[in-house]
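Novice: The letter at position 130 of the sequence shown is residue 130 when you use the UniProt record's numbering, and the numbering goes up by one with no holes. Structure incoming, see below.
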Amino acid sequence: MRKFLFILLVLTNLYSISYSQQLKLKKSKSQLSATTFSEQIADTTRSLLNREETIYRAIAQGNIPDYLRKLVKISITDTLANKPYTLDIFVLPDYLSIGTNEDYLYMPVTPILAQKIANLSHCSLPTKKLVDLIYQHAKIKLEPQPIPPTKAMTTVAVFEKHNLLVQDQLFGFNKAHLNGLLTAGNKKDIIISNKIYGENSPRVVIYGWHKTDSKPIQPVYNKHSNTWADYSHGLRLVQNKVYLNGKSTTLQKILADPVLSKLISDEGSIEKPFYPIFEKY
């Protein structure tokens, strides 16, 4: 009897880890297309705060494509202090977008809004090391499509322009992409890092945009203010709940540990793995 219960417990544990994790966002009863949503936020007289409030409402109401709802598991294995570890994390299959499977818009946001969305969905943002690992595990690797920098790079018009460039690349992968195959190379990441609080005022820390040779265009950079969001930025959510050697824990606990943090961070432990949230900006 004890042997049977032990086997049942092991199988239950394995099932809980392998079972596909879902993004914790409700589903909208009347899905909003990206075309309609773009019209709502494209008004150039809108303030950044007003635009981001509109984006947040759309996300909170569940206006995201269905293909983003099933998270992708990545298993990280390493030996630390002579002890083997396997960490299972669950990530968004692509960068966050608003709309439907047929009509969606990748949505660049400030780190302020990124953190609000992460909190809403019980998620975190990735570290630099996680961005590299996600790229390594990606089945669809896209060549970055930079647009020459101008003052317009923070506008919805340029967001839409870059969106079309990426969707043209995805045309040949459309079925696999919409089935939730892990995709990378199309955006830079907003990351969590000790560099968020390394200046006089909070900054956005960005990294990535890997080329097909696996080298990132963007090194870790924190010189933009926390109200910066341009067309190249993407929001990749990582579920807070993770499994360490089969046992449930959180990403935050892993990052706070000076030993375990090495599994997902190459800058040591991160005591404040989040961005400050401001109500006005």
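Beta carbons: idealized from backbone N, C-alpha and C, even for Gly.
Find the nearest neighbour of residue 38 within the set 140, 74 and 99, judged by alpha-carbon distance.
Specialist: Checked all of 140, 74 and 99; the closest Cα to residue 38 is 99.
Novice: Could you name the residues that DSSP lists as bridge partners for residue 168?
Specialist: Looking at the DSSP assignment, residue 168 forms no beta bridge with any residue, so it has no partner.
Novice: Would you tell me roughly how many angstroms separate the C-alpha atoms of residue 261 and residue 267, rounded to the nearest one?
Specialist: Going by the C-alpha atoms only, they are around 9 Å apart.
Novice: Determine the direct distance from the alpha carbon of residue 243 to that of residue 250, and round the result to whole angstroms.
Specialist: Cα to Cα, residue 250 sits roughly 8 Å from residue 243.
Novice: For residue 90 and residue 209, what's the separation of their Cα atoms in angstroms?
Specialist: If I take the Cα positions, the gap works out to 20 Å.
Novice: When the Cα atoms are used, what is the spatial distance from residue 24 to residue 223?
Specialist: Using only the alpha carbons, I get a separation of about 32 Å.
Novice: Output the distance between the C-alpha atoms of residue 156 and residue 134, rounded to the nearest integer angstrom.
Specialist: Answer to the nearest angstrom: the Cα atoms are 27 Å apart.
Novice: Which ranges does the alpha helix (DSSP H) cover as unbroken runs of at least 4 residues, wholly within the stretch 85-131, from first to last along the chain?
Specialist: Taking only runs of at least 4 residues, the alpha helix (DSSP H) segments lying wholly in the stretch 85-131 are 111-120.
Novice: Going along the chain, which residues of its own chain have a beta-carbon closer than 7 Å to the beta-carbon of residue 40, five neighbours each way excluded?
Specialist: Same-chain partners within the cutoff: 54.
Novice: In the DSSP assignment, find the alpha helix (DSSP H) that holds residue 36 and state where it starts and stops.
Specialist: Per DSSP, residue 36 belongs to the alpha helix (DSSP H) from 34-41.
Novice: With a threshold of 8 Å on Cβ separation, who are the neighbours of residue 162 within its own chain once the five nearest residues in sequence on each side are excluded?
Specialist: Result list for residue 162: 106, 145, 147, 231 and 232, in chain order.
Novice: Does residue 51 come out as helix, strand or coil in the three-state DSSP assignment?
Specialist: Correct three-state label for residue 51: helix.
Novice: DSSP three-state label for residue 138, please.
Specialist: Here residue 138 sits in coil by DSSP.
Novice: Tell me the residue span of the beta strand (DSSP E) that contains residue 22.
Specialist: It is not in any beta strand (DSSP E) - residue 22 carries neither H nor E in the DSSP assignment.
Novice: Distance check for residue 30 and residue 59, CA to CA, integer angstroms please.
Specialist: Rounded to whole angstroms, residue 59 to residue 30 spans 13 Å at the Cα level.
Novice: Tell me the residue span of the alpha helix (DSSP H) that contains residue 253.
Specialist: Per DSSP, residue 253 belongs to the alpha helix (DSSP H) from 251-256.
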